[in-house]
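To start, the structure under review is shown below, and the notes come after it.
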Amino acid sequence: MKNILTSAVILATLTAAASAADLPRRALPPAPVPLPVFTWTGAYFGINAGYITSTKDVTNTAGVIRTSTGIPLGNYSISVPLQRDGFTGGGQVGYNHQFTPGSGFVVGVEADAAYTDLRGRNSYKSNLAGTNSFRQSGDYLGTVRGRVGYAFDRTLVYATGGFAYAGQTYRASLFQTDIQPNYYGSRSRTETGYAVGGGVEYALPTDSFLNFFRSSAVTVKGEALYYDLGTRTIPVLPTYRNVNAFATRFQNEGVLGRVGVNYKFGSY
């Protein structure tokens, strides 16, 4: 009897073990897939548009009044306001490097070129004779600048500065009569100097209605720059037989504010 009970227990144990072996094994849950982290590293290109205005708005003219035989009668000097402002629009290319993905320091370089409708003109009746007229225009402005900033994930705050250049045209006409000016000067040059400023740039989410590429590579920015291209003095010489000569100094300083859109190569 004892042997029968022992055999039954062993048989039941073996049957239960065999049944457990036939049960399906419980699969481990899949490992979570890490979400990609946005980085500002990469090359980009884009367009911009905004408003530009001069901050130094005075021309200065000086000379010596002489008799027909060349004897000096006295000095002549005038200062004339010459406000200039207008539209600016163009494009930019650049490259950024972010040291740590997500949030961290970002350095880069950017080059841009833009059309500028920066024109000013002023005419008034001279206290000697005729009309004095002054004109200054800027047709384009470009910069090559470094950028240093800090990224808060998709928001980049940066400072910028570097080389600036612009196309400028200067004209001065003194003692204009009904026939022609008695003295006239004109110059067209590419002026050089520097530009500094800062801005904020934001990378659009893929589901934003403004993200027309439906990627994480479209950014929008707002930027302000101050530029200084120095001064330019041009000779204002007689247009026919005369013994006098003058010189007019123009100034080239201003600020601009603009917004832009960039497409960055490499979303993450």
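Read in order, the letters of the sequence shown correspond to residues -20 to -1, 1 to 248 in mature numbering (1 follows the signal peptide of the UniProt record, and there is no 0). Note that CB positions come from ideal geometry on N, CA and C, so glycine has one too. All values derive from a computational prediction rather than experimental measurement.
Where does V216 land, buried or exposed, given buried means 16+ other C-beta within 10 angstroms? Within 10 angstroms of the beta-carbon of V216 lie 16 or more other beta-carbons, which makes it buried.
Which class does R99 belong to by DSSP, given the choice of helix, strand or coil? strand
Can you tell me whether V176 is helix, strand or coil according to DSSP? strand
Between T213, D97, G147 and L184, which lies nearest to A42 when the distance is taken from Cα to Cα? T213
Inter-stretch contact at 8 angstroms, needing at least 3 Cβ pairs: the region 50 to 59 / the region 96 to 103: no
Spatial neighbours of S83 in its chain, beta-carbon cut-off 7 angstroms, leaving aside the 5 residues before and after: A131, F132 and D133
What's the C-alpha gap between K244 and V73? 10 angstroms
Beta-carbon proximity check, F155 vs S106, cutoff 8 angstroms: Yes, the Cβ-Cβ distance between F155 and S106 is below 8 angstroms.
If you draw a straight line from the alpha carbon of T35 to that of N232, how long is it in whole angstroms? A direct Cα-to-Cα measurement between T35 and N232 gives close to 8 angstroms.
Among R115, Q116, T140 and L121, which residue has its Cα nearest to the Cα of R127? T140
In whole angstroms, give me the CA-to-CA distance for E181 and N242. 9 angstroms
Test item: CB-CB of A175 and R238 under 8 angstroms: no
Could you tell me which residues DSSP pairs with A91 in its beta bridges? V73 and V124
Any idea if F25 is buried or exposed, counting beta-carbon neighbours within 10 angstroms, 16 or more meaning buried? Its Cβ having fewer than 16 others within 10 Å, F25 is exposed.
Rounded to the nearest angstrom, what separates N112 and G69 at their Cα positions? 32 angstroms
In the DSSP assignment, find the unbroken beta strand (DSSP E) run with R212 in it and report its ends. V198 to P218
What does DSSP give as the partner residue(s) for I45 in the beta ladder? G54
Exposed or buried, S196, counting other C-beta atoms within 10 Å across all chains shown (16 or more means buried)? buried
Euclidean distance between Cα positions of R169 and T211: 12 angstroms
How far does the beta strand (DSSP E) with L154 in it extend, from its first residue to its last? T135 to Q156
Keeping to the same chain, check which residues put their C-beta closer than 7 angstroms to that of S161; ignore five residues upstream and five downstream. Looking at the sequence itself, residue 161 is Pro, so the reference to Ser does not match. Once the five neighbours on either side are set aside, the close Cβ partners of P161 are S153, L154, F155 and T219.
Tell me the DSSP bridge mates of N112? Note: N112 sits in a beta bridge opposite Y104.
Reducing DSSP to helix, strand and coil, say where L62 ends up. L62 falls in the coil class under three-state DSSP.
What does the Cβ neighbour count give for N76, buried or exposed, with the cut at 16 atoms within 10 Å? buried
State yes or no: is the C-beta of W20 within less than 8 angstroms of the C-beta of V89? no
Give a yes or no on whether the C-beta atoms belonging to G122 and Y145 are separated by under 8 angstroms. yes
When you compare the CB positions of I27 and N224, do they come within less than 8 angstroms of one another, or not? no
Cα separation between A23 and D65? 32 angstroms
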